[in-house]
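All residue numbers for the sequence shown refer to the UniProt record's numbering, where the first residue is 1 and numbers rise by one. Even for Gly, the Cβ is constructed at its ideal location relative to N, Cα and C. Keep in mind the model is a prediction, meaning the values are calculated, not measured.
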Amino acid sequence: MMAKKITVIPGDGIGQEITEETVRVLGKIDEIYKIGFQFEWKEAGGTAYDHTGSPLPEETIESCRKADAVLFGAVGGDQWDHLTPDLRPEKAILGLRKQLGLYVNLRPVRISDSMIDYSPLKPEIAKGTDIMIVRELVGGIYFGDRCESEIHNGAERAWDLENYSVPEVERIARFAFEAARKRKNHVTSVDKSNVLATSRLWRRTVIRVHDEEYPDVKLDHMYVDNCAQQFAIHPPFFDVVVTGNMFGDILSDEAAVLSGSVGMLPSASIGQETSLYEPIHGSAPDIAGKGIANPIAAILSAAMLLRYSLNEDKAADAIEKAVSDTLDEGYRTGDIYKEGMKKVNGIEMTEAILAHIK
Ligand code: NAD
Ligand code: IPM
Ligand code: MN
Numbered sequence: 001m002m003a004k005k006i007t008v009i010p011g012d013g014i015g016q017e018i019t020e021e022t023v024r025v026l027g028k029i030d031e032i033y034k035i036g037f038q039f040e041w042k043e044a045g046g047t048a049y050d051h052t053g054s055p056l057p058e059e060t061i062e063s064c065r066k067a068d069a070v071l072f073g074a075v076g077g078d079q080w081d082h083l084t085p086d087l088r089p090e091k092a093i094l095g096l097r098k099q100l101g102l103y104v105n106l107r108p109v110r111i112s113d114s115m116i117d118y119s120p121l122k123p124e125i126a127k128g129t130d131i132m133i134v135r136e137l138v139g140g141i142y143f144g145d146r147c148e149s150e151i152h153n154g155a156e157r158a159w160d161l162e163n164y165s166v167p168e169v170e171r172i173a174r175f176a177f178e179a180a181r182k183r184k185n186h187v188t189s190v191d192k193s194n195v196l197a198t199s200r201l202w203r204r205t206v207i208r209v210h211d212e213e214y215p216d217v218k219l220d221h222m223y224v225d226n227c228a229q230q231f232a233i234h235p236p237f238f239d240v241v242v243t244g245n246m247f248g249d250i251l252s253d254e255a256a257v258l259s260g261s262v263g264m265l266p267s268a269s270i271g272q273e274t275s276l277y278e279p280i281h282g283s284a285p286d287i288a289g290k291g292i293a294n295p296i297a298a299i300l301s302a303a304m305l306l307r308y309s310l311n312e313d314k315a316a317d318a319i320e321k322a323v324s325d326t327l328d329e330g331y332r333t334g335d336i337y338k339e340g341m342k343k344v345n346g347i348e349m350t351e352a353i354l355a356h357i358k
């Protein structure tokens, strides 16, 4: 059996708790499915800055480059918010995405029937929601030129440049169309082409890739503001949603909470060489250190790692089924708790999930 090298980066705040719990789950998976995990723990984010002076030490990047996959917790915290942009914890995840070329971010949002009462939407609206958000992750306004501060016409100003090139849009569009072919064959491309030049380039490129290479896939377009409201009033309309970096960031938090809590949504950031798996939520400083964070988003990210990086579909299914069985039995962390359910902390939730893994 070839060892599977996984770089594990817990990061800051609840990242530490949920990542430890997720590695326990992978440990149990290893016992049953004999995957041969070799975990290499590395620092990133504010804790890495405190220890090394850098939020993304070179040895962390090196370990990721050599790994079969990366498991990431979360970074950030108020105590580091005063640092210059290059030293902020968020630079760690942005730097990893860029340096590892993780251009696709998959964020699947499913509202299962057993969790439908936890959605802030009425059950008849939420029922059947199953969306795959395909977010472009290494371009757009996140990585354009910027100016932190300059004097212009006597006033201080700052600016961030949004830009997309045709090849950047082509590759993410192809990924979305391929994903749709394995699902319900429907792509909604989300942009703001009524206002932004980058969006107009985005839209005409998506249309060309569609017409030339994927004419069998149903394609429609939506402005991002309309998409935000359609998520709230008619989410089952969507199958695959493809969009740029910032729109994808915002829409995925909105979509995540449709399923009950941001603590439930996993993600996969996919590149040519390696891929990184992380919950979509942050380091949650308001609940960090209390042991109450919901570990499900992180644990489901590990299932995505097994599926997309290691082709271990059975092991991925086992995790996803264990999570859904645990929820069906009424185990609930605080973020998804309702009276009459079994209220548990993060470790107890993990233990319940571990007990269901077969
Ligand atoms: P957040 O996602 O950390 O928290 C938002 C809210 O959701 C909070 O009330 C939090 O308690 C709750 N929450 C989040 N995850 C939860 C979980 N697993 N279980 C239960 N409740 C959960 O977003 P924020 O407060 O805007 O950001 C906090 C810090 O995290 C900031 O420094 C931000 O930059 C960073 N951040 C990092 C990542 C990442 O590392 N990928 C993602 C988002 C935000
Ligand atoms: C996310 C986060 C990050 C982003 C931040 C922490 C840089 O919000 O992963 O969704 O904006 O992409
Ligand atoms: Mn986000």
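query: Inter-residue CB distance, Gly13 and Glu136 (contact presumed, cutoff 8 Å); result: Gly13 to Glu136, Cβ: 26 Å. No contact.
query: Three-pair Cβ contact test at 8 Å for the stretch 78–85 versus the stretch 227–243; result: no
query: Presumed contact (8 Å Cβ cut-off) between Ala315 and Tyr33, rounded CB distance; result: 4 Å
query: Heavy atom of the ligand MN within 7 Å of Asp249 beta-carbon; result: yes
query: Extent of the continuous beta strand (DSSP E) run through Asp145; result: Neither: Asp145 is in no beta strand (DSSP E) and is coded neither H nor E.
query: Close Cβ partners of Asn163 (< 7 Å) along its chain, the five nearest in sequence each way excluded; result: Gly144, Thr198
query: Limits of the unbroken alpha helix (DSSP H) element including Glu20; result: 14–33
query: Leu106 - partner residues in DSSP beta bridges; result: Val134, Ala268
query: Cα-Cα separation, Asp30 to Pro57; result: 29 Å
query: Any non-hydrogen atom of the ligand NAD within 7 Å of Ile14 CB; result: yes
query: Beta-carbon spacing of Glu254, Ser267 below 8 Å; result: no
query: Pick from Tyr223, Val104, Leu258, Val206 that is closest to Tyr308, judged by C-alpha positions; result: Val104
query: Bridge-paired residues (DSSP) for Pro279; result: Pro266
query: heavy atom of the ligand IPM below 7 Å from Ile133 C-beta; result: no
query: Boundaries (first-last residue) of the alpha helix (DSSP H) holding Ser189; result: That residue, Ser189, is in no alpha helix (DSSP H); its beta strand (DSSP E) goes 186–191.
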